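Residues in the sequence shown are numbered from 66 upward in steps of one, following the numbering used here. C-beta: ideal position from N, C-alpha, C; glycine also. These numbers were taken from a predicted model, which means no experiment stands behind them.
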Amino acid sequence: MFENGNKLLFIGDSITDTSRSRPIGQTVKTKAGLEDTSGLGSGFVSIINNLLISSYPQLNLTLLNLGCNGHRITDLKCRWKRDVLDLKPDWLIIFIGINDVWRQFDRPKDPNQVSINEFEKTYRNIIEESKAKSSQIVMLSPYYLEKNLDDPMRIKMIQYAQIVEKLSIEYQCTFIKLQKAFDNFLNSRTVESISADKIHISKVGHTIIAQAFLNAIESHLP
């Protein structure tokens, strides 16, 4: 259950980043006392913040955005202590895996490819480190906006998403299946209506993620 003063930390890649402020994306107060949320970026983290703060003002929640463009699970591991453990979040929201798959297709000669075994091993490691600090963890699956079920990158992305789901069950974390959320949307609309590259998404796409998150944590809200 969310408690008064809880800190929610979102970490991931560019889908989380969305031009957040550095070193920590967060809300700041202006001289006039206005809460400026632009530091959270322009994506789903900001949308979630606005909805939670407006619906549950009594909780005095703090949301932090630690997304970084282009990052993979191995990049998260390198900055885990500084960007997660040292900040001591009550709720940790992890959204990673897209670049781990994408680099295998757009940069196949990259010597630092993250195999599915390394992905699982590294993800498991950061979960265990975070669980030791008593953080509640929410895990979002990677997605690929492609209607062709036989597309090689979609197939690979689902394999990595299945690892995330497996770990969420093993460690009793909340899991959000974003591929399903986007597939439901794409039953009625085109991929091009929300994305130019099947990965980076419009404001509507970010709203889909935000809604999926809020649906998943609803039972933890007052």
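Query, Result
"Would D82 and G132 qualify as a contact pair, given that the criterion is a beta-carbon distance under 7 Å?", "yes"
"Helix, strand or coil for L128 per DSSP?", "strand"
"Please name the residue or residues paired with V93 in a DSSP beta bridge.", "D101"
"So which of I181, D101 and K94 has the shortest CA-CA distance to T139?", "I181"
"Ends of the beta strand (DSSP E) at M204?", "Q201 to L205"
"So, using beta-carbon positions, are K289 and P154 closer together than 7 Å?", "Residue 289 lies beyond the stretch modelled for the chain, which goes from 66 to 287, so this question has no answer here."
"Mind checking which residues open and close the beta strand (DSSP E) that includes K72?", "K72 to G77"
"Report yes or no: do three or more beta-carbon pairs, one from the stretch 259-276 and one from the stretch 224-240, lie closer than 8 Å?", "no"
"Let me check one thing: in DSSP terms, what residues is F160 bridge-paired to?", "G77 and L205"
"Return the CA-CA distance between K186 and K196, expressed in angstroms with no decimal places.", "15 Å"
"With a floor of 3 residues, list each beta strand (DSSP E) that falls wholly inside the stretch 206-268, ordered by position along the chain.", "239-241"
"Straight-line CA distance for T102 to E235?", "35 Å"
"Work out the CA separation of I273 and G70 for me, nearest whole Å.", "26 Å"
"Taking the alpha-carbon of I158 as reference, which of R172, F170, K142 and L129 has the nearest alpha-carbon?", "L129"
"Taking the C-alpha atoms as reference points, what is the distance between G104 and S253?", "33 Å"
"Thinking C-alpha only, which one of I220, S233, Q123 and Q237 is nearest Q244?", "I220"
"Could you give the residue range of the alpha helix (DSSP H) that holds Y188?", "I181 to K196"
"Is the CB-CB distance between F160 and L205 below 7 Å?", "yes"
"Give me the residue from S258, N249 and I192 with the minimum Cα distance to V149.", "I192"
"Quick one: is N125 buried, meaning 16 or more other Cβ sit within 10 Å of its Cβ, or exposed?", "exposed"
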